[in-house]
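The structure appears below as structure tokens.
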Amino acid sequence: MISIAALSFIAAVVLCGMLVWLSWIDVKYGMLPDLLTLPLMWAGLLVNIQAVFTPLSAAVLGAAAGYCILWIANLLYRWRTGQEGMGYGDFKLMAALGAWLGISSVPWVLIGACGAGAIAATLWRLAGSNRTDHPFGPFLSAAGVVMLIRMFSS
């Protein structure tokens with residue numbers, strides 16, 4: 019039988035690999051495919067049946083909160099501007115991160131991703147870029163990896 023420590027290491031490697039792959043896809047193609055984000059979410063829930071990273075109840079709440087917070091933010095943005103603020107793949111990636119890391123990590127992942135995204139957008143603007151549509155997935159992924167490292171170090 020595999021130990022929880024070994025399972026957590028294997029799961030963390032799989033999660034990080036998927037986050038790198040999804041970030042690359044988002045940068046290159048401007049999308050986060052359901053074919054990858056939804057299985058990643060379910061895998062997070064399955065891993066946490068054994069409470070590898072967080073209790074299952076916290077994983078379920080994390081997935082729901084992760085999706086709903088970004089969905090509501092996008093709804094408000096669309097109501098205010100008449101256009102979409104982010105893609106639905108971002109909602110699903112955040113749900114996946116919530117499933118893996120739990121409800122207590124959701125605010126920190128969002129704060130980290132939004133902060134890093136805002137800094138990057140400012141730097142792009144200062145560099146002369148007029149582009150307004152930047153992929154958010156890499157920032158969610160990076161913040162998720164930071165939270166994962168934080169969980170392992172405590």
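Residues in the sequence shown are numbered from 19 upward in steps of one, following my numbering. Note that the Cβ used here is the ideal one computed from N, Cα and C, for glycine as well. Just so we're clear, the structure is a prediction, and the values are computed from it rather than from any experiment.
_Going by beta-carbon coordinates alone, are Ala83 and Val124 separated by less than 7 Å?_
yes
*Measure the alpha-carbon distance for Ser147 versus Ser21 and round it to whole angstroms.*
49 Å
_Contact under 7 Å by Cβ, Gly80 with Gly116_ = yes
*Can you name the start and end residues of the alpha helix (DSSP H) that Arg143 belongs to?*
124 to 144
_Between the alpha carbons of Ala114 and Thr140, how many angstroms are there, rounded?_
27 Å
*Taking Cβ positions, are Ser26 and Val78 nearer each other than 7 Å?*
Against a cut-off of 7 Å, the Cβ pair of Val78 and Ser26 comes out as no contact.
_Among the candidates Ala24, Thr55, Ser75, whose CA atom is the shortest distance from the CA of Ser122?_
Per the C-alpha coordinates, the member of Ala24, Thr55, Ser75 positioned closest to Ser122 is Ser75.
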